[in-house]
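Note sheet for the following structure.
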Amino acid sequence: MDKKAKKKVLQMVPYGAYIVGTKTEGGVDHLMFGTWLMQTSFKPPLVTFALSQDSRTLANVRRSKAFTVSILRQGQEDLAQHVLDEAFDEVQKERSPSGLPVVASGAGWMECRLLAIVEHGDHRIAVAEATDFGVGEGKPLSLDGLGWHYGG
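In this text, residue positions in the sequence shown follow the working numbering: the first is 4, and each later residue adds one.
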């Protein structure tokens, strides 16, 4: 296998810029920047999200069976960096119907109920039903729009 070609091709796959919201066992908001989201069904509306096997977010999702996905909008580049830096206090949040954190003023958000976790590779695939939605303004921010790469 040509490892340079593998990396280059996998980095060509377009990704969005998302914030996954959960709560810790102690009820504290936890946010994670992520990119590997995909809609996988219309009826019911299912999504899959890849989470690193050793992430706190995955542990929270396994325990609570719930999470939110906020879709960042163009102009929220600094917010993405705040989440990566774990500067969660710098992120203005609202609440989903069940009380999970969502990014205020993002392009949109969804609340998800975990159905299954696929255990392969170095990430785990959370299969979830999207149970509630909120729509904001602006165009979605992409990973490419951030000038970042995650893949390869």
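Beta carbons: idealized from backbone N, C-alpha and C, even for Gly.
### Message
Measuring only the C-alpha atoms, how far is V138 from G111?
### Response
On the sequence shown, residue 138 is found 135 positions in, with the first residue counted as 1. On the sequence shown, residue 111 is found 108 positions in, with the first residue counted as 1. Cα-Cα distance, rounded: 4 Å.
### Query
Three-state secondary structure (DSSP) at Q42?
The residue labelled residue 42 in the question sits at position 39 within the sequence shown. Strand, per DSSP.
### Nearest residue (CA-CA) to F45, options L144, D147 and A131
Taking the first residue of the sequence shown as 1, we reach residue 45 at position 42. Answer by Cα proximity: A131.
### Message
Quick check: what's the CA-CA separation for D32 versus K9?
### Response
In the sequence shown, residue 32 corresponds to position 29, counting from 1. In the sequence shown, residue 9 corresponds to position 6, counting from 1. Answer to the nearest angstrom: the Cα atoms are 37 Å apart.
#### Entry: Boundaries (first-last residue) of the beta strand (DSSP E) holding V130
Locating residue 130 in the sequence shown gives position 127, counting from the first residue. First-last of the beta strand (DSSP E) with V130: H126 to V138.
### Query
What is the DSSP secondary structure of H85, counted as helix, strand or coil?
Within the sequence shown, residue 85 is the residue found at index 82, counting from 1. Helix at H85.
#### Entry: Own chain residues within Cβ distance below 7 Å of T27, not counting five before or after
Numbered from 1 along the sequence shown, position 24 holds the residue referred to as residue 27. Result list for T27: H33 and N63, in chain order.
### Query
Would a C-beta distance cut-off of 8 Å place F36 and A83 closer than the cut-off?
Your numbering for residue 36 matches position 33 in the sequence shown. Your numbering for residue 83 matches position 80 in the sequence shown. Contact check for F36 against A83 passes: the beta carbons are separated by less than 8 Å.
### Query
In chain order, what residues of the same chain have a beta carbon less than 7 Å from the beta carbon of G141, not counting five sequence neighbours either side?
The residue you call residue 141 lines up with position 138 of the sequence shown. Excluding positions up to five away in sequence, the list reads R76, Q77, G78 and A110.
### Message
Could you tell me the alpha carbon to alpha carbon distance between A24 and D5, rounded to whole angstroms?
### Response
Taking the first residue of the sequence shown as 1, we reach residue 24 at position 21. Taking the first residue of the sequence shown as 1, we reach residue 5 at position 2. Note that residue 24 corresponds to Gly in the displayed sequence, not to Ala. Rounded to the nearest angstrom, the gap between the Cα atoms of G24 and D5 is 37 Å.
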